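**Q** Before we start, here is the structure in question, set down as structure tokens.
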Amino acid sequence: MNLTACLLLSAALFSIGAYGLVTRRNMIAALMSLELMVNAALINFIAFARFGGTHAGQGDAQAGSLFALFAVAVTAAEMALALAIVVAVHRQRRHLDIRELDGLHG
Amino acid sequence: MTLAEFTPLLPDLLLLALALAVLKIDLWSEDGEAGFHLTWIGLAGLALLLAFGSRSDAVFADYHITAASRVWKLLFTLATLATVFLSRPYFRAGGNARGTLAKSGAFFGLLLLCMQGMFALVSAGNLIVFYLGLELATMPIYALAAYQPRDADSAEAGSKYVLMGGFSSALTLFGISFLYGATGSLGFPALEAAVRAAPADPALWGGIFFLLGGLGFKLAMAPLHMWAPDVYQGAPTPVMAFLSVASKAAAVAALATLFLSPLNAVRPDLAPCFAAAAVLSMVAGNLGAMRQKDLRRFVAYSSVAQVGYMLLAMLGEGDGSRAALVYNLVTYGVTGFALYFIMGVIGKEGPETMSGLRGLSRRHPGLAVLLVLCMFSLAGVPPLAGFLGKFMLFSAAAAEGHYLLVGIAVANAVVSFYYYMLVVKEAYIAPPGEAAAIRLRPLQIMVLWGLGLALLVLGVCPAPADWLARAAGN
Amino acid sequence: MNVRDAFFYALCALLLGLAVLTVAAGNLFRAALALLGVLLCTAVLFLLLQAEMAALAQVMVYIGGIMIFVLYAVLLTSELGGRMPAPSPVKMLLGVAVAAVALGFLAGLAQKTGAGAAAARARMHAESATKESAASSADAEAGVNIASLKTLGQKLLDPKGFLIPFELISVLLLAAMVGAIAVARQGGAGVRGGSEPGAAAISVKDQGGAGAAESRGAPP
Numbered sequence: 002m003n004l005t006a007c008l009l010l011s012a013a014l015f016s017i018g019a020y021g022l023v024t025r026r027n028m029i030a031a032l033m034s035l036e037l038m039v040n041a042a043l044i045n046f047i048a049f050a051r052f053g054g055t056h057a058g059q060g061d062a063q064a065g066s067l068f069a070l071f072a073v074a075v076t077a078a079e080m081a082l083a084l085a086i087v088v089a090v091h092r093q094r095r096h097l098d099i100r101e102l103d104g105l106h107g
Numbered sequence: 265m266t267l268a269e270f271t272p273l274l275p276d277l278l279l280l281a282l283a284l285a286v287l288k289i290d291l292w293s294e295d296g297e298a299g300f301h302l303t304w305i306g307l308a309g310l311a312l313l314l315a316f317g318s319r320s321d322a323v324f325a326d327y328h329i330t331a332a333s334r335v336w337k338l339l340f341t342l343a344t345l346a347t348v349f350l351s352r353p354y355f356r357a358g359g360n361a362r363g364t365l366a367k368s369g370a371f372f373g374l375l376l377l378c379m380q381g382m383f384a385l386v387s388a389g390n391l392i393v394f395y396l397g398l399e400l401a402t403m404p405i406y407a408l409a410a411y412q413p414r415d416a417d418s419a420e421a422g423s424k425y426v427l428m429g430g431f432s433s434a435l436t437l438f439g440i441s442f443l444y445g446a447t448g449s450l451g452f453p454a455l456e457a458a459v460r461a462a463p464a465d466p467a468l469w470g471g472i473f474f475l476l477g478g479l480g481f482k483l484a485m486a487p488l489h490m491w492a493p494d495v496y497q498g499a500p501t502p503v504m505a506f507l508s509v510a511s512k513a514a515a516v517a518a519l520a521t522l523f524l525s526p527l528n529a530v531r532p533d534l535a536p537c538f539a540a541a542a543v544l545s546m547v548a549g550n551l552g553a554m555r556q557k558d559l560r561r562f563v564a565y566s567s568v569a570q571v572g573y574m575l576l577a578m579l580g581e582g583d584g585s586r587a588a589l590v591y592n593l594v595t596y597g598v599t600g601f602a603l604y605f606i607m608g609v610i611g612k613e614g615p616e617t618m619s620g621l622r623g624l625s626r627r628h629p630g631l632a633v634l635l636v637l638c639m640f641s642l643a644g645v646p647p648l649a650g651f652l653g654k655f656m657l658f659s660a661a662a663a664e665g666h667y668l669l670v671g672i673a674v675a676n677a678v679v680s681f682y683y684y685m686l687v688v689k690e691a692y693i694a695p696p697g698e699a700a701a702i703r704l705r706p707l708q709i710m711v712l713w714g715l716g717l718a719l720l721v722l723g724v725c726p727a728p729a730d731w732l733a734r735a736a737g738n
Numbered sequence: 003m004n005v006r007d008a009f010f011y012a013l014c015a016l017l018l019g020l021a022v023l024t025v026a027a028g029n030l031f032r033a034a035l036a037l038l039g040v041l042l043c044t045a046v047l048f049l050l051l052q053a054e055m056a057a058l059a060q061v062m063v064y065i066g067g068i069m070i071f072v073l074y075a076v077l078l079t080s081e082l083g084g085r086m087p088a089p090s091p092v093k094m095l096l097g098v099a100v101a102a103v104a105l106g107f108l109a110g111l112a113q114k115t116g117a118g119a120a121a122a123r124a125r126m127h128a129e130s131a132t133k134e135s136a137a138s139s140a141d142a143e144a145g146v147n148i149a150s151l152k153t154l155g156q157k158l159l160d161p162k163g164f165l166i167p168f169e170l171i172s173v174l175l176l177a178a179m180v181g182a183i184a185v186a187r188q189g190g191a192g193v194r195g196g197s198e199p200g201a202a203a204i205s206v207k208d209q210g211g212a213g214a215a216e217s218r219g220a221p222p
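Residue numbers (the numbering used here), protein chains in the order written: chain S, 2 to 107; chain R, 265 to 738; chain D, 3 to 222.
Here it is in structure tokens:
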């Protein structure tokens with residue numbers, strides 16, 4: 002268990018999230034893929050806070066943990082808003098398929 | 265700490281109080297009139313306070329009140345004020361053919377909360393305030409884009425914006441995590457020191473890469489601009505106006521906050537990156553705008569092209585670039601809002617599309633003249649405001665020797681003249697359908713005259729430019 | 003490899019497996035449950051990395067809050083039982099390509115960052131060995147909690163620390179709440195009470211249009 006292992010884990014998680022974002026057609030599923038990517042960033046923060054980064058000297062471990070806390074709260078707020086909008090879309094269109102959302106075009 | 269020490273923080277605190285008051289008053293007033301008046305009076309007061317109030321700089325932990333941040337805040341305040349005036353008819357029954365917006369209190373409250381985020385963004389002294397400001401400046405717009413009631417297009421615009429915005433904030437967060445790894449702290453001073461000490465640190469570059477991606481989405485710079493046309497088209501027009509001026513200004517401010525101060529040392533290495541994005545944005549925006557029938561979509565592509573011009577300033581040296589960016593945003597805001605108010609006027613009777621402009625020269629000659637001024641200004645024809653804005657951007661880039669790039673930009677500006685003239689053609693030459701005369705409300709007449717005069721004055725009189733340059737420079 | 007390392011790698015494998023399930027499951031509810039598993043694994047990982055506060059927030063906010071949102075949205079949009087259409091081969095290929103590029107780039111970045119961090123730590127050790135006893139870095143190695151509840155709490159409300167972000171995030175939560183309510187309330191009238199919600203929405207829209215037409219005729 003070291004910094005490289007944690008960063009590799011987060012890299013894999015981020016890539017899986019990116020795959021989901023590209024392939025998922027259901028909007029809620031796409032949002033869940035987004036959560037995976039955010040989670041990868043959180044792992045980065047905690048790993049850097051725990052093991053220290055590439056900087057010289059003592060880092061501020063608390064700053065990283067606190068940033069992770071803030072990021073969790075922000076993501077929660079964003080998700081609440083996103084799902085409210087998803088429900089609104091569903092009410093208008095009766096489906097959540099991203100590819101069939103084509104009311105807007107030039 | 266004494267109370268007097270909080271004086272520089274007064275605009276930020278007053279804005280928060282205003283936002284809460286507007287949200288609260290909405291619970292009591294049914295017609296939303298009180299909310300509207302409170303909002304515009306509050307914002308006007310805030311603008312005066314920012315322009316003529318306390319000039320002293322202050323630092324509260326990692327929240328910096330500086331002259332440059334005051335200029336940005338003034339810009340955001342004025343853009344929001346114009347949005348509030350623009351949204352007026354959209355809340356009136358029959359004020360817009362697309363449908364009436366409801367609950368103006370929540371609408372204005374969300375705009376003000378969004379502004380609070382922009383204020384935090386330009387005052388940020390560390391990455392955490394920066395990130396929260398960026399999020400707060402974006403998040404209310406997700407809801408505002410979906411604000412048109414019972415409108416599938418609006419809901420769709422909201423959903424597209426929330427997906428893209430979520431992706432962009434995930435990228436930003438990922439980037440910040442690497443910057444934290446490279447510096448061990450979240451403060452801008454530590455970031456600046458780390459950039460100086462180890463400019464080749466892989467974690468640093470990873471962070472910058474992801475951060476640029478995240479901000480690029482927010483800025484709608486090509487090739488990350490694909491969401492903009494759909495969101496602009498689907499959102500209610502006042503929200504589109506806010507997106508294209510205030511939100512764009514906030515994204516530019518974010519870029520400037522990071523890359524013109526703590527990350528200034530790596531900017532020369534990023535020059536090819538900015539140059540490529542600038543050229544791509546200009547070309548993508550101009551090519552896209554040519555084929556549009558819907559005015560909101562047209563504005564989206566035109567604003568992508570504007571982002572391209574603005575990215576040129578990121579190649580120039582710090583102070584001059586910041587001044588050029590601010591001045592260009594002011595001229596773009598004035599021009600843009602003049603166009604949006606015209607859209608609001610024609611939107612009362614019909615759709616806000618090119619064909620809706622038909623016969624404007626007969627229906628209201630004054631409006632048609634203003635439309636011509638707008639288009640000339642957007643194209644950068646002297647002596648209008650848009651020309652001076654572009655000129656400052658181009659000279660900022662030229663001062664650092666990017667002559668080829670400036671040449672490409674000038675060529676693009678010339679090409680853009682073509683499609684801006686298509687709009688004018690629609691208003692003057694295309695055969696009108698029914699030619700009912702347009703009657704303006706007193707507020708609309710006042711605002712349109714003000715914007716029209718500003719278009720002319722900002723183009724010929726360099727005094728405001730000087731003032732802005734001096735204020736934003738230090 | 004000691005027990006702790008073995009546990010860590012097992013946890014990583016479980017986390018990634020559940021993540022794959024999240025993006026590949028055909029049933030939305032199953033995907034949501036897999037996401038729940040990913041979040042729980044991450045919380046355990048945070049505990050392993052001695053960040054108890056982050057683990058706590060992960061469980062309470064993420065799992066307690068966000069997952070409830072997701073499940074509600076799944077229920078409200080009645081996509082609970084249905085199978086989602088599988089992505090087309092082209093999309094799948096594109097997704098794999100994007101993921102591969104991202105993984106390649108990030109894995110390289112992780113390797114280099116890890117090496118850089120090791121070098122930085124080695125330098126610091128060398129310096130502290132010559133000067134004084136490496137007490138602080140030894141503490142970190144020995145697993146002193148990097149961020150205990152108490153220190154984080156104090157820092158959060160310290161005017162010189164994180165007080166301003168703390169206040170900002172309360173504004174942000176307010177904005178999200180107002181926004182979510184505003185969006186949720188917009189279409190409400192169109193859906194209520196009709197067996198054909200779509201038709202009800204259309205009829206309300208028509209009424210709105212008629213009302214607008216009437217008031218348009220009135221003098222300003």
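Ideal placement from N, C-alpha and C gives every residue a C-beta, glycine not left out. From a predicted model like this one, the values you see are computed outputs, not experimental measurements.
Keeping to the same chain, check which residues put their C-beta closer than 6 angstroms to that of S625(R); ignore five residues upstream and five downstream.
**A** A632, A691, Y692
**Q** Note down, in chain order, all residues in the stretch 448 to 473 of chain R with a beta-carbon under 7 angstroms from any beta-carbon belonging to chain D.
**A** For the stretch 448 to 473 of chain R, which is checked against every Cβ of chain D, the residues closer than 7 angstroms are D465, P466, A467, G470.
**Q** Taking the beta carbon of E101(S) as the centre, do at least 16 other beta carbons fall within 10 Å, making it buried, or is it exposed?
**A** Per the 10 Å Cβ criterion, exposed.
**Q** So the candidates are H56(S), I86(S), Q59(S), D103(S); which of them puts its Cα closest to the Cα of R187(D)?
**A** Relative to R187(D), the option among H56(S), I86(S), Q59(S), D103(S) whose CA is nearest is I86(S).
**Q** Tell me which residues share the same chain as T303(R) and place their Cβ nearer than 6 angstroms to its Cβ, disregarding the 5 neighbours each side in the sequence.
**A** V286, V348, F372
**Q** Kindly say whether P91(D), judged by its beta-carbon, lies nearer than 8 angstroms to any beta-carbon of chain C.
**A** This model lacks chain C altogether, as its protein chains are S, R and D.
**Q** Since P706(R) meets chain D, which of its residues come closer than 9 angstroms, beta carbon to beta carbon?
**A** Taking the beta carbon of P706(R) as reference, no residue of chain D falls within 9 angstroms; the closest one sits roughly 10 angstroms away.
**Q** Got a sec: is the Cβ-Cβ distance from A799(R) to anything in chain D below 8 angstroms?
**A** Chain R is shown from 265 up to 738; residue 799(R) falls before or after that span and cannot be answered.
**Q** What are the residues that DSSP puts in a beta bridge with L328(R)?
**A** Inspection of the sequence shows that residue 328(R) is occupied by His rather than by Leu. In DSSP, H328(R) forms a bridge with V323(R).
**Q** What runs of the alpha helix (DSSP H), each 4 residues or longer, lie entirely inside the stretch 418 to 501 of chain R?
**A** 452 to 461, 466 to 483, 491 to 498
**Q** If I'm right that L20(D) touches V40(D) with Cβ under 8 angstroms, what's the distance once you round it to whole angstroms?
**A** 5 angstroms
**Q** For F71(D), would you say it is in contact with chain S, using Cβ-to-Cβ distances shorter than 8 angstroms as the test?
**A** yes
**Q** Hey, L314(R) and T341(R): beta-carbon distance below 8 angstroms or not?
**A** Yes, these two residues count as a Cβ contact at 8 angstroms.
**Q** Short of 7 angstroms in beta carbon distance, which residues of its chain neighbour P161(D), apart from the five on each side in sequence? Order them along the chain.
**A** none
**Q** Could you tell me whether the Cβ of T115(D) comes closer than 8 angstroms to any Cβ of chain R?
**A** yes
**Q** Residue range of the alpha helix (DSSP H) that Y565(R) falls in?
**A** 559 to 577
**Q** Among T79(D), Q52(D), I171(D), whose alpha-carbon lies nearest the alpha-carbon of L151(D)?
**A** Q52(D)
**Q** Measure the beta-carbon distance from M33(S) to A88(D) and round it to whole angstroms, keeping in mind my assumption that it falls under 8 angstroms.
**A** Actually they do not touch by this definition, with Cβ atoms about 16 angstroms apart.
**Q** So within the stretch 604 to 649 of chain R, which uninterrupted alpha helix (DSSP H) runs reach at least 4 residues, ignoring any that extend past its ends?
**A** 624 to 627, 629 to 643
**Q** Which residue from Q59(S), N3(S), A62(S) puts its Cα closest to that of Y2(D)?
**A** Summary: the structure shown does not reach residue 2(D), with chain D confined to residues 3 through 222, and so no result is reported for it.
**Q** Could you list which residues in chain R have their beta carbon closer than 9 angstroms to that of H96(S), in chain order?
**A** Those within 9 angstroms of H96(S) in chain R number zero; the least Cβ separation is about 11 angstroms.
**Q** Taking CB distances under 8 angstroms as the criterion, tell me whether E36(S) reaches chain D.
**A** yes
**Q** What's the call for P741(R), buried or exposed, on a 16-neighbour Cβ count within 10 Å?
**A** Since the first and last residues shown for chain R are 265 and 738, residue 741(R) lies out of range.
**Q** Grouping DSSP H, G and I as helix and E and B as strand, with all else coil, what is N3(S)?
**A** coil
**Q** Helix or strand or just coil, what does DSSP make of N45(S)?
**A** Secondary structure at N45(S): helix, using DSSP grouped into helix, strand and coil.
**Q** Go through its chain and collect everything with a Cβ distance to P728(R)'s Cβ below 7 angstroms, but skip five positions before and after it.
**A** Setting aside the 5 residues that flank it on each side, P728(R) is surrounded in the same chain by L722, each with a C-beta closer than 7 angstroms to its C-beta; the list follows chain order.
**Q** Please list the partners that L32(S) has in chain R, where partner means a Cβ-to-Cβ separation under 9 angstroms.
**A** V426, L427, G430
**Q** I think V88(S) touches T79(D), with their Cβ atoms under 8 angstroms apart; what is that distance to the nearest whole Å?
**A** 6 angstroms
**Q** Would you mind giving the Cβ-Cβ distance between S16(S) and A104(D), rounded to the nearest angstrom? I have them listed as a contact below 8 angstroms.
**A** 4 angstroms
**Q** Determine which residues share a DSSP beta bridge with R85(D) and list them.
**A** N29(D)
**Q** Straight-line CA distance for V463(R) to L111(D)?
**A** Looking at the sequence itself, residue 463(R) is Pro, so the reference to Val does not match. One C-alpha to the other measures close to 15 angstroms.
**Q** Relative to the C-alpha of H96(S), which candidate in L49(D), Q113(D), A75(D), A101(D) has its C-alpha closest?
**A** A75(D)
**Q** I171(D) versus chain S: which residues are under 8 angstroms apart at the beta carbon?
**A** In chain order: F71, A74, V75.
**Q** Are the beta-carbon atoms belonging to K689(R) and T617(R) less than 8 angstroms from one another?
**A** no
**Q** Should L16(D) be flagged as near chain S, meaning a C-beta pair shorter than 8 angstroms?
**A** no
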